[in-house]
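Student: This is the structure I have questions about; it appears just below.
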Amino acid sequence: MLEKYKELLAPINQFLQCETPNEWVIAASKPENLSVILIDHLVCELKAAQSAMFLIRKYAVDKESGDALLAWLKPFEDFTYRKEGNWKDLIKHNTLSKSMLPKSGTPYGQDLIDKMVLLIKEELHHFYQVLEIMDDYNMPYENISSSRYAKGLLTHVTNHEPDTLIDKLICGAYIEARSCERFAKLAPHVSQSLGDFYVSLLRSEARHYQDYLTLAEEIAGHDISERVAYFGKVEAGLISSPDEDFKFHSGKPQT
Ligand SMILES: [Fe+2]
Ligand SMILES: [Fe+2]
-15 MLEKYKELLA PINQFLQCET PNEWVIAASK PENLSVILID HLVCELKAAQ SAMFLIRKYA
45 VDKESGDALL AWLKPFEDFT YRKEGNWKDL IKHNTLSKSM LPKSGTPYGQ DLIDKMVLLI
105 KEELHHFYQV LEIMDDYNMP YENISSSRYA KGLLTHVTNH EPDTLIDKLI CGAYIEARSC
165 ERFAKLAPHV SQSLGDFYVS LLRSEARHYQ DYLTLAEEIA GHDISERVAY FGKVEAGLIS
225 SPDEDFKFHS GKPQT
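With this note's numbering applied, the sequence shown covers -15 to 239.
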C-alpha cells in the first residue's frame, strides 16, 4: 500500500537521524492505546497551527492581520482548552476572511505568510478529521498532558535573533517529518479506515516539513546544515531513548 509513497518518504527518512523504534509502533497499535494516540494527535494538530500562527504574528504581519489570525484559531482553542462549543461547528470556522498584510521591511514576510497560512488551514482540517474519527469510535475528548518531545526540542532554540526564528523553523521541520514518518509506520498496523486516514496525511505533512526547511534556509541566507544536524541529533535522542510517558511523539516505551 505504501509503495507509491516511497518517493515521498525517502527525503523524510534521510532527514531524520533515526527510525521510530518498533516498540513504539507495537504500543501505538494496541487498542488500549488508541484513545491516547488519537487525542494526542488531535492536540498536536492544533499546536502545529498555533506555532505556525505564532511565527507569522511575531515575524511577518501587521497588528490587524495578527488579530484576524487569532480570531481564526479561537473556536478551536475554546473547544480544546475550555471544552466550549460543538465540535461539528468547527468546520465552519476554518476560514480566514482577510488576506494577510506583511510587515514592511521583512524581505521573507510574504513567503512565510503564504506557507504558514496554508499550513494552518491544513492542520485545522486535520484537527476536524481526527474529531470525526473519534466520533466514529465514540471516543470522548479529554484533556491530556503533552509529551516531552516538542519541549525537548525547543529548549535548544537560541535566544539571539535571527537565529531564534531559524532554530524554530528547523524544529518545525523535524516535528512535521517525524509525524509523517510515524503515520506511515503506523498505517499498516491499524484498522483500514484509520490507516487510510494516516496515509492521506502523508502528502501534506511531507510538504510542511519541506516548507519549514526551505524557509529556514531562505531566511538564514547561509548554510545551516550544521544546525540542522544538531537538532537532528537532539530529535533522534528524544525518539530513541526510554520514555515512561506514552504519546504520539514519545520515545521508546517502557513495558
Ligand atoms: Fe497535520
Ligand atoms: Fe503538519
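Ideal placement from N, C-alpha and C gives every residue a C-beta, glycine not left out.
This structure is a prediction, so every number in the text was calculated from the model and none was measured.
Using only CA atoms, which one of HIS25, LEU85, LEU0 lies nearest to MET118?
Tutor: To locate residue 118, count along the sequence shown from 1; it is residue 134. Measuring from the Cα of MET118, the nearest candidate turns out to be HIS25.
Student: At a threshold of 7 Å, does SER163 count as lining ligand 2 (C-beta to nearest heavy atom)?
Tutor: Sequence index remark: in the sequence shown, residue 163 carries index 179 (1-based). Yes, the Cβ of SER163 comes within 7 Å of a heavy atom of ligand 2.
Student: Kindly give me the distance between the Cβ atoms of ILE21 and PHE232, rounded to whole angstroms, as I take these residues to be in contact under 8 Å.
Tutor: Residue 21 sits at position 37 when you count from the first residue of the sequence shown. Residue 232 sits at position 248 when you count from the first residue of the sequence shown. Contact holds; Cβ gap of about 6 Å.
Student: Exposed or buried, which one is PRO172 when buried takes at least 16 other CB atoms within 10 Å?
Tutor: Residue numbering aside, residue 172 sits at position 188 when the sequence shown is read from its first letter. Exposed, by the Cβ-count rule.
Student: Helix or strand or just coil, what does DSSP make of VAL45?
Tutor: The count along the sequence shown starts at 1 and reaches residue 45 at position 61. Residue state, collapsed to three classes: strand.
Student: Just tell me which of LEU0, LEU103, LYS217 has its CA closest to the CA of GLU29.
Tutor: The count along the sequence shown starts at 1 and reaches residue 29 at position 45. Per the Cα distances, LEU103.
Student: What residues in its chain sit with their C-beta under 6 Å from that of TYR(-11), if we drop five residues either side in the sequence?
Tutor: Taking the sequence shown and counting its residues from 1, one reaches residue -11 at position 5. Taken in chain order, the residues that qualify are LEU186.
Student: How about SER225 and TYR133: do their beta carbons lie closer than 8 Å?
Tutor: Taking the first residue of the sequence shown as position 1, residue 225 is located at position 241. Taking the first residue of the sequence shown as position 1, residue 133 is located at position 149. Cβ distance not < 8 Å, so SER225 and TYR133 don't count as in contact.
Student: Within the continuous alpha helix (DSSP H) that includes PRO(-5), where are the two ends?
Tutor: Residue numbering aside, residue -5 sits at position 11 when the sequence shown is read from its first letter. Its alpha helix (DSSP H) spans residues -10 to -1.
Student: Thinking just about the alpha-carbon of each residue, which of LEU170, PRO146, VAL141 is nearest to the one in GLY156?
Tutor: Taking the first residue of the sequence shown as position 1, residue 156 is located at position 172. When each option's Cα is compared against that of GLY156, the closest is VAL141.
Student: Which value, in whole angstroms, describes the spacing of the CA atoms of CYS164 and PRO91?
Tutor: The residue given as residue 164 occupies position 180 in the sequence shown. The residue given as residue 91 occupies position 107 in the sequence shown. Their Cα atoms are separated by approximately 30 Å.
Student: What do you get for SER35, buried or exposed, if any count of 16 or more other CB atoms within 10 angstroms of its CB means buried?
Tutor: Working through the sequence shown from its first residue, we reach residue 35 at position 51. With 16 or more Cβ atoms within 10 Å of its Cβ, SER35 is classed as buried.
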